[in-house]
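Step one of this worksheet: look at the structure below.
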């Protein structure tokens with residue numbers, strides 16, 4: 001007999017696994033229950049409905065990343081080093097949970113209007129605050145060119161995420177099912193090289 | 001009485017408009033027919049099913065961009081200028097049709113396996129060929145650092161597209177419904193500045 005927490009975790013694992021396999025967030029509650037090996041009524045019991053399950057999955061997946069981000073913001077490091085470490089973290093999360101940014105967008109979009117702000121403040125604000133801080137500190141230190149931090153946030157997430165968001169392209173065009181471990185590291189390196197050189201002030205040393 | 005072509009175009013316009021308004025590709029055929037003011041049977045008549053309609057929408061939306069890309073490739077311009085013009089074009093398409101990259105992914109993912117390669121070759125290969133060529137020419141000219149062109153393709157599309165893919169974030173976090181015309185231009189400028197400086201060879205003149 002399983003504990004309550006275990007069944008809940010199994011359902012979240014099953015949901016995440018199916019989203020990765022099918023490259024879609026459109027997974028039925030029944031499919032999730034079957035994959036988790038539990039009764040479909042359990043999904044309703046734990047999460048209420050599909051929206052509740054997606055929100056719980058986001059909460060589980062974002063927790064570690066957000067804690068890491070708060071620690072990074074508090075560290076005594078130059079802004080370019082903070083940005084670099086943050087981007088590496090974002091890409092590692094994307095490789096592990098390729099649905100994560102699509103999930104953020106879907107959860108936010110599908111929230112009732114009166115809960116949307118709360119969800120945004122919990123799961124997105126820490127990220128956008130980080131970009132505001134790092135862009136300001138970087139420019140003040142003469143390390144970064146002046147940039148709009150809102151736009152920098154979207155640019156950073158996009159350059160990190162698209163290789164997983166559009167991974168369906170890999171087999172047909174590039175003849176590979178997925179990036180190998182080496183290719184993932186190479187993607188991280190190339191993204192860091194482009195993005196950090198891209199935000200660097202023209203006269204800052206590299 | 002309308003011509004056949006007109007009804008077909010109206011249905012595609014309605015589908016695109018609803019995807020923009022709802023920030024989703026999950027639009028029912030009935031909703032599309034209602035919006036277009038035509039009988040729902042017309043959707044089946046012209047497109048067969050939802051997948052057929054999405055493919056037709058992609059075909060319509062991608063046509064201009066792909067023709068532009070072929071012209072750009074044939075022009076006698078330095079690789080950095082070609083890359084710049086291409087990125088501007090990608091961003092303008094994203095602002096006009098914010099669902100476009102999600103549509104590419106969904107159409108490719110939902111194709112039957114025996115048609116997937118053809119769709120990829122038609123709608124994605126011209127883009128990835130462009131990146132292969134421009135990365136090679138740019139490195140040969142000493143303008144770009146050596147980069148993996150497959151990764152460059154994903155990075156470029158991601159940095160251009162994410163501000164429309166994740167636009168649901170704009171109202172809750174940034175207090176704006178959408179980017180203004182000026183902000184769109186600023187986004188284009190900032191993306192060009194970051195991406196072009198990012199791929200530039202360290203010793204190339206800017």
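Residue numbers (the numbering used here), protein chains in the order written: chain B, 1 to 206; chain Y, 1 to 206. Backbone N, C-alpha and C fix where the C-beta goes; we use that ideal spot for every residue, glycine too.
Would you verify that the beta carbon of residue i is, or is not, closer than 9 Å to some beta carbon of chain B?
i: residue 109 of chain Y; result: yes
i: residue 65 of chain Y; result: no
i: residue 43 of chain Y; result: no
i: residue 99 of chain Y; result: no
i: residue 20 of chain Y; result: no
i: residue 49 of chain Y; result: no
i: residue 73 of chain Y; result: no
i: residue 168 of chain Y; result: yes
In angstroms with no decimal places, state the Cα-to-Cα distance between residue i and residue j.
i: residue 110 of chain Y; j: residue 52 of chain Y; result: 10 Å
i: residue 121 of chain Y; j: residue 112 of chain Y; result: 15 Å
i: residue 107 of chain Y; j: residue 19 of chain B; result: 17 Å
i: residue 21 of chain B; j: residue 181 of chain Y; result: 39 Å
i: residue 24 of chain B; j: residue 204 of chain Y; result: 42 Å
i: residue 177 of chain Y; j: residue 183 of chain Y; result: 12 Å
i: residue 56 of chain Y; j: residue 104 of chain B; result: 29 Å
i: residue 157 of chain B; j: residue 159 of chain Y; result: 8 Å
i: residue 85 of chain B; j: residue 125 of chain Y; result: 33 Å
i: residue 174 of chain Y; j: residue 11 of chain B; result: 34 Å
i: residue 166 of chain Y; j: residue 114 of chain B; result: 20 Å
i: residue 59 of chain B; j: residue 119 of chain B; result: 10 Å
i: residue 66 of chain B; j: residue 127 of chain B; result: 8 Å
i: residue 138 of chain Y; j: residue 155 of chain Y; result: 17 Å
i: residue 101 of chain B; j: residue 44 of chain Y; result: 33 Å
i: residue 198 of chain B; j: residue 153 of chain B; result: 14 Å
i: residue 134 of chain Y; j: residue 7 of chain B; result: 51 Å
With burial defined as no fewer than 16 other Cβ atoms inside 10 Å of the residue's Cβ, what is the status of residue i: buried or exposed?
i: residue 163 of chain Y; result: buried
i: residue 202 of chain B; result: exposed
i: residue 27 of chain B; result: buried
i: residue 15 of chain Y; result: buried
i: residue 146 of chain Y; result: exposed
i: residue 79 of chain B; result: buried
i: residue 1 of chain Y; result: Confidence at residue 1 of chain Y is low in this model, with a pLDDT of 48, below 50, so the placement of that residue is unreliable and no value is reported for it.
i: residue 74 of chain Y; result: exposed
i: residue 70 of chain Y; result: exposed
i: residue 61 of chain Y; result: buried
i: residue 30 of chain Y; result: exposed
i: residue 196 of chain Y; result: buried
i: residue 97 of chain Y; result: buried
Please tell me whether residue i has its Cβ less than 9 Å away from any Cβ of chain Y.
i: residue 114 of chain B; result: no
i: residue 198 of chain B; result: yes
i: residue 155 of chain B; result: yes
i: residue 182 of chain B; result: no
i: residue 158 of chain B; result: yes
i: residue 121 of chain B; result: yes
i: residue 78 of chain B; result: no
i: residue 203 of chain B; result: no
i: residue 105 of chain B; result: yes
i: residue 88 of chain B; result: no
i: residue 117 of chain B; result: yes
In chain B, what lies closer than 9 Å to residue i by C-beta?
i: residue 27 of chain Y; result: Within chain B, no residue comes near residue 27 of chain Y; the closest Cβ sits about 13 Å away, beyond 9 Å.
i: residue 193 of chain Y; result: 145, 147, 198, 199
Output, in chain order, the set of chain Y residues within a Cβ distance shorter than 8 Å of residue i.
i: residue 96 of chain B; result: Those within 8 Å of residue 96 of chain B in chain Y number zero; the least Cβ separation is about 17 Å.
Starting from residue i, find everything on chain B with Cβ-Cβ shorter than 7 Å and list it in chain order.
i: residue 23 of chain Y; result: 109
i: residue 174 of chain Y; result: 150
i: residue 187 of chain Y; result: 151
Under 7 Å between beta-carbons, which chain Y residues line up against residue i? List them in chain order, please.
i: residue 39 of chain B; result: The contacting residues do not exist; residue 39 of chain B stays about 27 Å from chain Y at best.
Q) Would you call the region 184-193 of chain B and the region 133-143 of chain Y touching, i.e. three or more CB-CB distances under 8 Å? A) no
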